Every structure is written in C-alpha cells, then in structure tokens.
Amino acid sequence: MFEVLSVGFALLVFPGFGFLFVCALAFHWIDRRVAARLQGRVGPPWFQPLADLVKLMAKEDVLPIGAHQAACAVLPMASLAAVLTAALYIPVGRYPLRAFEGDLIVVFFLLSVPALAYFLAGWMSGSVFSIVGGNRSLLQYFSYEVPFLMALVGPAILSGSWSISAIAAWQSHTVWMALVQPVGFVLALVGLIGKLKRSPFDIPKAESEISAGPLTEFSGRKLALWQLSLQIKTVVGIFLLVNIFLGGSAAGMAPFPGLHVELLEAVFFGVKAVLILLVLSVVGVLYARLRIDQLVSLGWQVLAPLALVQILAVVWIGVG
Amino acid sequence: MNVDLILEALREGFPTDPLEPQTMPIDETIVTLTPENLRPAVQMLITRFGLRHLSTITGIDTGDEIELLYHFWDRQGLTLRTSLPREDARIATLTDLIPGAAFYEREAAEMLGVVFEGHTGLDTLLLPDDWDSGPPLRKEVE
Amino acid sequence: MSRITIPIGPQHPALKEPISFLLTVEGERIVESALRIGYVHRGLERIFQDRNYVQNVHVVERVCGICSHVHTTTYCQGVEALLGLEVPPRALYIRTLLCEMERIHSHLLWLGVLAEHIGFTTLFMYTWRDREIVLDVMEELSGGRVAHAVNIIGGVRIDLDRDHAHSILARLDELERQIEVFVRIVQHERTFQARTRGVGHLSAEQVRRYCVVGPVARASGVDVDLRRDAPYAVYDRLKFRAIIAQEGDVWARTMVRSMETIESLEMCRQLLTELPEGPLAVRAPRRVPPGEVVSRCEAPRGELVYYIRSDGSDRPARVKVRTPTLTTLMTLPDQLRDVNTADVPTVLSGVDLCIACADR
C-alpha cells in the first residue's frame with residue numbers, strides 16, 4: 001500500500017509531473033524575462049506562462065477540413081508522454097525514479113519522439129505552410145541529432161556506463177565531464193538548442209514566410225499540450241545535460257560531509273540547471289536565425305566532425 | 321546633360337517636329353514631338369547621350385487631346401511632350417529600350433486609355449480587376 | 463521537379479502592407495514571380511484635381527505614412543516655383559531638418575523590420591527603441607510623430623528656439639552612439655551577414671535599366687543622390703557625402719542606409735547650429751498662374767517626382783506623383799529569380815517597400 005502511494009507521489013508530484021510542470025513554467029518565465037531584459041524590454045510577470053496555458057485550454061480547438069483529426073489529437077499527447085517518460089530516468093537529486101544500464105540511449109530516443117511528432121503534425125494538419133515547416137524540421141533534426149548523440153557518447157565511454165545516474169555518480173568522485181570534454185559539452189549545448197528549436201535554430205516554427213510552421217493550424221487544448229511538452233522537454237533536456245556534464249547534484253569533486261547534504265545537493269542541481277538555461281537564453285538573443293541549408297552545412301561540416309574528434313580523443317586517452 | 325547639344329540633335333533628327341523648347345521649373349526643359357517620332361527620339365537620346373533615366377510618364381486629358389509627358393533626368397530635367405487624339409490614343413512602347421518604363425506605361429494605359437503598342441503585359445496595375453467604369457483620369461469619367 | 467505556386471500576400475507575416483506575389487517554386491528555388499499591386503489605391507491623383515492647392519497639402523501628406531514630410535516638401539516646392547515665391551531661409555532650414563529626421567526615422571524603422579524578418583529580434587528591439595528618440599523630437603517640433611503637417615505653401619508653420627535646438631543636439635549625440643553600434647553589428651555580425659550577403663543581387667546595369675534611384679541604386683554602385691546632384695531646400699549649403707557600395711545585395715543596402723543615417727545626423731547638427739533668423743513663411747496667393755513644374759526630392763527610398771500643371775485657377779489641372787517604391791517594385795522579379803524561398807522576406811525587406819506610396 002505504502003509502495004503504491006510513494007510511487008504515485010513520485011510519479012505525480014515529485015520528481016514527477018507536478019515538479020516538472022512547475023519547473024517548466026519557471027524555466028520558461030526565466031527565459032522570457034532574461035531575453036526581454038537583454039533586448040531592452042521589461043518582460044512578462046511570473047505567472048505569464050501559467051496564464052498562457054490556462055488561456056489556451058479555454059480557447060476553441062479547431063482544425064482545417066483537410067487535417068487528419070485523430071492523428072492531430074494524438075500527436076501532442078504522444079509528445080508530452082515521451083518527455084515525461086524520459087524524465088523517469090534522469091536523476092533530480094541523487095537517485096532517479098528508475099535506472100538501468102542503457103537508459104541513456106532510451107532517454108535519447110524518447111526525446112526524439114517529440115521531434116517526429118512535430119514533423120508529423122506538420123504533414124497531418126492540412127496547410128501548405130505546415131508541410132514546408134514539417135519538412136524543414138526533419139532536415140534540422142538530422143543536422144543536430146547526430147552531433148548531439150555523439151557528444152553524449154563521450155561521457156558514457158569515459159565513465160564506463162550507459163546509465164545516466166551512473167555517469168552522474170561517476171562525476172561526483174572524480175571530475176565533471178564538462179571539464180575533461182569541453183568540446184563535447186559545447187556540442188551538447190548546441191545540439192540542445194537545435195532540439196528545442198530555439199533561436200538561432202528556430203527555423204521550422206518562426207520563419208516569417210511560413211507563419212508558425214508545423215503548428216500553424218493547432219489551437220486551444222492541442223496547442224496547450226504542444227507548448228507544455230516543449231517546455232517540459234526544455235527542462236528535461238537541461239537536467240540531462242546537468243547530469244551528464246556537470247556532475248548532477250554533486251556539490252563538487254568530493255561530497256561534503258555535513259548536515260543537510262541533500263538540500264545542498266538539490267540547490268546545486270538547481271543552480272547548474274539555471275546556469276545552462278541562462279546560456280541558452282543569451283545565445284538565443286545574440287544571433288539572427290539561420291537558414292535551413294546553412295544549418296545543415298553547419299551540422300555536417302562542423303558539428304559532426306568535432307563530435308567525432310571528441311570521441312576519438314576520449315577513446316585514445318581512455319585506452320592509453 | 322548638355323541641353324543645347326540635345327536640342328540641336330533633336331532639331332537635326334526631327335526637322336518637321338515643332339519642338340518649341342521651353343524651360344520650366346525646376347531646372348527642366350520641355351520639348352514637343354509628334355507621337356511617331358517619340359520613340360526614335362528616345363532611342364537617339366539613349367545611344368548618343370546616354371540619357372536613360374526616365375523618371376515617369378505623365379498622362380493628361382486636356383479636353384481636346386491626351387497629352388503624354390516623358391520626364392527624363394540626368395543632372396537636369398528634360399521632358400518630351402507629345403499629344404494623341406482622344407478616340408485613338410496609340411503610341412509605340414519604350415519598354416524594350418527602357419525596361420523601367422513598364423509600370424508607367426501600364427498606369428497611363430489604365431488611367432487614360434492609351435494603348436502602348438508592343439507592350440507585352442498591359443494588365444491593370446492599380447485598378448481592381450473588375451473595374452469597368454472607364455479610364456479614371458479621362459474628363460468624361462466620373 | 464514539379465513546380466508549386468506559393469502565394470505571398472496580400473496578407474502575410476512578411477509584409478507590412480498589402481501586395482500580392484505569386485511565386486513559382488521548384489524545390490527551394492524561385493523560378494518565376496508575378497506581382498500585383500493596387501490594394502491600397504485611393505485614386506489620389508484624381509482627388510488632387512478636385513481640391514485647391516492648400517487642401518492638397520493635406521492630401522499629399524497622406525500619400526505615405528513614413529515619408530509624409532518629403533511628399534509635402536516636393537509638392538510645396540513645386541507650387542512655390544509656379545508662384546515664383548522665395549521661401550525664407552529659416553523655413554528652408556526647418557524643412558530640411560525635418561527631411562533628414564524623417565530619413566533617420568525611416569532607415570531605423572527599416573533596419574528593425576529587416577532584422578525581424580531574418581529572425582534577429584534583438585536588433586529589431588534596439589533599433590525601434592532608439593527610433594523613439596527621433597519620433598519624440600519630431601513630436602516636440604510639430605505635434606505629430608509621423609504626420610507632421612510642417613510644410614505650407616510658402617514656408618513652414620513651426621519654429622524652434624535656441625534651448626530647444628540644444629536639447630535636440632544632445633539627443634542626437636546619444637542617438638549617434640547607438641547607431642554606431644548598429645553599424646558595427648551590420649559590418650561584423652556573422653549570422654546577419656550569412657542571411658544578407660549575396661541575397662537579392664542587382665547589378666549596376668539592372669539598376670540603370672529600371673531607372674532606380676535611392677539607396678538601392680547606390681548600393682549597386684550607381685553614384686546618384688538628388689540632394690547633391692539636384693539640390694533643393696538648403697542642401698547646397700550642407701556638407702555631406704553620398705554613400706555608395708558596390709556589392710548590390712541586401713547587405714550592401716543595409717550598409718548604405720546605416721551610413722546614410724549617420725550622415726543625416728551630421729546634417730541635422732549643421733542645420734541646427736546654422737539656423738538663420740527670419741520669417742517662417744511668405745504669403746501665398748490662392749490662384750496659381752498657368753504653368754507646369756517638375757519637382758524632385760530625395761526621399762528616404764529614392765527619387766520622388768511631382769509634376770504639377772496649373773491653369774490659373776485655385777485648383778491644379780494635374781498632379782502626377784511618382785514614388786520611388788514604384789520603380790523599385792519593377793526590379794523585384796529580377797531579384798527574386800533563383801532565390802531560396804527562405805530568403806524571400808529578406809529580399810522584400812531589403813528594398814524597403816512602401817506600398818501606400820506606390821499605390822497612391
């Protein structure tokens with residue numbers, strides 16, 4: 001009985017859906033506020049992301065006549081389900097909800113489901129603009145996903161495990177991966193920007209000649225679910241990087257002896273996560289949007305080779 | 321642009337045309353030609369004097385006839401004036417010599433009912449597709 | 463590969479004003495384009511004939527929102543020439559001051575819009591924020607941020623005193639510092655260059671064939687600036703350079719317009735410090751003796767031409783307006799050929815269209 005309750009609590013409240021929901025809104029607000037201040041604006045008040053979601057839930061939910069109604073209803077839910085499932089394996093604090101050897105790969109694939117759902121949404125929603133946006137999102141997917149995966153492979157090799165929590169634990173008594181694999185860390189950040197379709201890689205959705213890209217025709221509850229899944233994906237992606245590269249909740253090179261270790265660990269985790277978020281926000285504000293062919297060139301001519309070099313370096317040093 | 325040289329060349333090339341050069345503000349010279357000679361005159365201006373900049377083409381319904389004014393510019397202004405009969409306002413196009421004349425001819429065509437022979441694309445420019453009240457700048461049209 | 467037709471407009475996120483393009487696309491490249499304008503045609507040339515010269519100043523102001531002052535300048539200049547009026551120097555200085563401030567305002571607006579279209583929202587926010595400085599000055603001077611109603615036939619109707627001139631000069635210094643930042647961004651920022659270099663190319667020959675003037679022409683190496691070559695108002699007394707670039711693409715046009723903004727700031731300084739004393743206007747008779755005039759000015763977008771014919775009454779017999787955007791529109795099919803569909807908003811913004819001007 002207690003088992004059921006505690007698992008239920010973990011799944012729904014902390015560190016499950018409730019916690020992720022609150023984090024998603026908080027991160028989204030920080031992002032918008034930082035971007036606004038950098039642009040000389042004020043930015044929205046703290047409750048804006050919540051207000052946006054609530055408003056969308058209340059709005060009319062229509063799709064054009066040519067759209068595939070069933071698919072368009074399922075896709076946003078699939079996207080949300082995938083990111084929430086991926087969160088199961090990512091430790092917030094010392095231990096994840098579940099872990100097994102190889103969960104890094106599983107999480108990687110789960111985080112790809114939203115991208116595929118996004119592309120399908122473009123094709124299924126029945127407008128020329130969404131189809132073009134969907135095509136671009138698929139091209140973009142192939143350009144950043146490979147370097148991103150390769151960047152994650154490095155830490156796995158070095159720590160000798162394909163489990164996220166194991167990689168994080170390894171760092172707590174040696175050294176942060178970001179320090180020994182800086183190239184990999186940068187590539188993972190760049191890959192994350194592409195995955196989250198943030199500026200300067202927001203090509204599929206914010207192109208001024210294809211309206212809102214694949215999600216152009218979505219409205220009301222479906223759009224709310226899309227936005228929520230993207231916001232939670234942001235949180236999950238950042239938590240993943242904190243665990244893989246910044247030592248998870250480890251306070252430093254060696255654990256602190258002392259009281260309230262767990263509180264300290266949670267605080268450190270939060271600080272690292274927000275730091276990555278700030279980097280993403282600032283980068284988003286600094287540049288103009290790239291064109292899809294420019295991103296593809298960047299992905300295959302720069303990012304992938306660098307990732308390869310990083311992996312080779314890790315293998316060579318590890319073996320030697 | 322040397323106005324005197326141009327006027328001399330025009331007198332030589334088109335001795336039967338009235339010409340009657342006048343200066344007008346602002347730093348502009350105006351010359352009158354017959355419709356048939358307008359295109360050859362423009363051709364001469366382009367080849368001999370390198371005068372290619374056509375600012376615009378003004379069309380006026382004076383009541384007796386349709387007047388067309390071609391405004392050229394190169395440091396100073398030169399306007400070529402020609403008059404067309406109201407019932408049959410036709411003149412050769414300039415678009416092969418000066419592609420930039422395209423829109424101006426289209427506008428004169430739709431506003432005043434002038435036909436520019438040889439212009440491949442005299443569709444309405446500014447008026448709506450279903451306009452059927454006649455060229456708006458003609459005096460008889462309300 | 464099969465060809466698809468993509469409609470851009472009349473309503474579209476990339477367009478500020480209604481205009482319609484039908485792009486025939488093969489893959490990601492544009493093969494052909496067809497253009498339709500006239501969505502904002504108000505029949506102004508007919509309206510001019512039904513109103514007297516003074517009422518027409520009001521109508522002329524509303525041909526365009528952004529370049530309203532240069533329209534009234536060109537018109538009033540023309541009518542003043544027909545009347546043989548000698549406009550007092552103080553009025554001419556104030557007229558020129560507003561022309562240049564309008565140029566600054568227009569170029570900053572344009573830079574923001576271009577930045578927004580290539581996804582560089584930060585630059586858009588900055589340029590429009592600094593544009594407020596200019597708009598505030600124009601509002602203090604004339605009472606309106608965009609439609610100033612400064613020109614009357616015979617002079618101007620506003621004035622400024624020495625203290626006001628000093629406060630404007632201080633703010634212009636502040637604005638110049640900001641604009642220099644923008645110029646640096648345009649020159650060095652790599653993503654901006656990646657999106658604008660080589661896009662929307664026009665050669666000098668194409669510019670001459672279509673009779674384009676203005677920043678688009680100067681960006682392709684054609685050295686024409688009406689303020690220097692056919693000086694009006696007090697431009698013959700001002701020291702300034704015409705900015706020329708050679709590359710002929712959207713990046714070159716951005717450089718030209720940005721540097722022109724700095725030149726305009728310098729001209730505003732000269733105008734404010736050398737402002738002569740004197741009356742603001744001369745009395746203009748209502749009836750204009752018969753005659754014709756061709757009046758030209760360098761609007762922010764290029765050559766603006768007014769032809770006015772008077773018949774001795776108090777109404778013009780004909781007013782013909784040729785706005786620079788109409789000419790630039792003719793170059794668009796050439797510019798859009800072989801362009802990537804993603805660059806269409808960039809090309810459209812690069813030429814700085816003002817459809818209200820083109821349609822009248």
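Chains as they are written, first to last, in the numbering used here: chain L, 1 to 320; chain W, 321 to 462; chain Z, 463 to 822.
Glycine included, every Cβ here is placed at the ideal spot set by N, Cα and C.
Note that this is a predicted model, so its numbers are computed, not measured.
Mind reading off the beta-carbon distance from residue i to residue j? Whole number of angstroms is fine, and I expect it under 8 angstroms.
{"i": "residue 680 of chain Z", "j": "residue 656 of chain Z", "result": "With a Cβ gap of about 23 angstroms, residue 680 of chain Z and residue 656 of chain Z do not count as contacting."}
{"i": "residue 80 of chain L", "j": "residue 225 of chain L", "result": "6 angstroms"}
{"i": "residue 108 of chain L", "j": "residue 163 of chain L", "result": "That pair is no contact at about 13 angstroms."}
{"i": "residue 477 of chain Z", "j": "residue 495 of chain Z", "result": "Between residue 495 of chain Z and residue 477 of chain Z the Cβ distance is about 14 angstroms, and since that is not below 8 angstroms, they are no contact."}
{"i": "residue 734 of chain Z", "j": "residue 552 of chain Z", "result": "At roughly 12 angstroms, the Cβ-Cβ gap does not stay under 8 angstroms, so residue 734 of chain Z and residue 552 of chain Z are not in contact."}
{"i": "residue 188 of chain L", "j": "residue 151 of chain L", "result": "4 angstroms"}
{"i": "residue 762 of chain Z", "j": "residue 564 of chain Z", "result": "7 angstroms"}
{"i": "residue 376 of chain W", "j": "residue 391 of chain W", "result": "6 angstroms"}
{"i": "residue 362 of chain W", "j": "residue 442 of chain W", "result": "Contact flag wrong, Cβ pair sits at about 19 angstroms."}
{"i": "residue 62 of chain L", "j": "residue 219 of chain L", "result": "6 angstroms"}
Any beta carbon of chain Z sitting closer than 8 angstroms to that of residue i?
{"i": "residue 347 of chain W", "result": "yes"}
{"i": "residue 344 of chain W", "result": "yes"}
{"i": "residue 423 of chain W", "result": "yes"}
{"i": "residue 200 of chain L", "result": "yes"}
{"i": "residue 376 of chain W", "result": "yes"}
{"i": "residue 420 of chain W", "result": "yes"}
{"i": "residue 252 of chain L", "result": "Caution is warranted here: a pLDDT of 47 is assigned to residue 252 of chain L, below 50, making its placement in the model unreliable, and the coordinate value is therefore given only provisionally. Judged by the 8 angstroms Cβ criterion, residue 252 of chain L is not in contact with chain Z."}
{"i": "residue 341 of chain W", "result": "no"}
{"i": "residue 457 of chain W", "result": "yes"}
{"i": "residue 448 of chain W", "result": "yes"}
{"i": "residue 414 of chain W", "result": "no"}
{"i": "residue 325 of chain W", "result": "no"}
Are the C-beta of residue i and some C-beta of chain L separated by less than 8 angstroms?
{"i": "residue 653 of chain Z", "result": "yes"}
{"i": "residue 553 of chain Z", "result": "no"}
{"i": "residue 591 of chain Z", "result": "yes"}
{"i": "residue 802 of chain Z", "result": "yes"}
{"i": "residue 656 of chain Z", "result": "yes"}
{"i": "residue 588 of chain Z", "result": "yes"}
In this structure, how does DSSP classify residue i when only helix, strand and coil are distinguished?
{"i": "residue 254 of chain L", "result": "In this prediction, residue 254 of chain L scores a pLDDT of 44, lower than 50, which makes its location untrustworthy; the coordinate-derived value is nonetheless stated afterwards. If DSSP states are grouped into helix, strand and coil, residue 254 of chain L belongs with coil."}
{"i": "residue 413 of chain W", "result": "coil"}
{"i": "residue 451 of chain W", "result": "coil"}
{"i": "residue 424 of chain W", "result": "helix"}
{"i": "residue 386 of chain W", "result": "strand"}
{"i": "residue 18 of chain L", "result": "helix"}
{"i": "residue 391 of chain W", "result": "strand"}
{"i": "residue 792 of chain Z", "result": "helix"}
{"i": "residue 122 of chain L", "result": "helix"}
{"i": "residue 148 of chain L", "result": "helix"}
{"i": "residue 604 of chain Z", "result": "helix"}
{"i": "residue 811 of chain Z", "result": "helix"}
{"i": "residue 310 of chain L", "result": "helix"}
{"i": "residue 356 of chain W", "result": "helix"}
When you compare the CB of residue i with every CB in chain W, is at least one pair closer than 8 angstroms?
{"i": "residue 489 of chain Z", "result": "no"}
{"i": "residue 548 of chain Z", "result": "no"}
{"i": "residue 495 of chain Z", "result": "no"}
{"i": "residue 537 of chain Z", "result": "no"}
{"i": "residue 543 of chain Z", "result": "yes"}
Residues in the region 273 to 289 of chain L having any Cβ partner in chain Z nearer than 8 angstroms: 285, 286, 287, 288, 289
Residues, ordered as in the chain, of the region 8 to 40 of chain L that lie near chain Z by beta-carbon distance below 8 angstroms: 38, 39, 40
Uninterrupted beta strand (DSSP E) stretches inside the region 700 to 742 of chain Z (no shorter than 3 residues): none
Against chain W: residues of the region 772 to 792 of chain Z by CB proximity under 8 angstroms: 779, 780, 782, 784, 788, 789, 791, 792
Under 7 angstroms (Cβ pairs) to chain W, residues found in the region 678 to 692 of chain Z: 691, 692
Members of the region 292 to 314 of chain L near chain Z, C-beta cut-off 8 angstroms: 292, 293, 294
Complete runs of the alpha helix (DSSP H) confined to the region 490 to 539 of chain Z [at least 4 residues]: 506 to 511, 515 to 523
Residues, ordered as in the chain, of the region 625 to 652 of chain Z that lie near chain L by beta-carbon distance below 7 angstroms: none
Members of the region 499 to 518 of chain Z near chain W, C-beta cut-off 8 angstroms: 499, 500, 503, 505, 507, 508
Where the region 573 to 586 of chain Z meets chain L: residues whose CB sits under 9 angstroms from a CB there: 577, 578, 579, 580, 581, 582, 583, 584, 585, 586
Chain-ordered residues of the region 742 to 776 of chain Z with a beta carbon less than 9 angstroms from chain W: 753, 754, 755, 756, 757, 758, 765, 767, 769, 771
Interfacial residues, the region 360 to 392 of chain W to chain Z, with Cβ spacing under 7 angstroms: 372, 373, 374, 375, 376, 378, 380, 389, 391
Minimum length 4: unbroken alpha helix (DSSP H) runs contained in the region 598 to 671 of chain Z: 624 to 650, 652 to 658, 666 to 671
Segments assigned alpha helix (DSSP H), at least 4 residues, entirely inside the region 218 to 297 of chain L: 220 to 245, 261 to 286
Near-chain Z residues of the region 396 to 408 of chain W (beta-carbon distance less than 9 angstroms), N- to C-terminal order: 396, 397, 399
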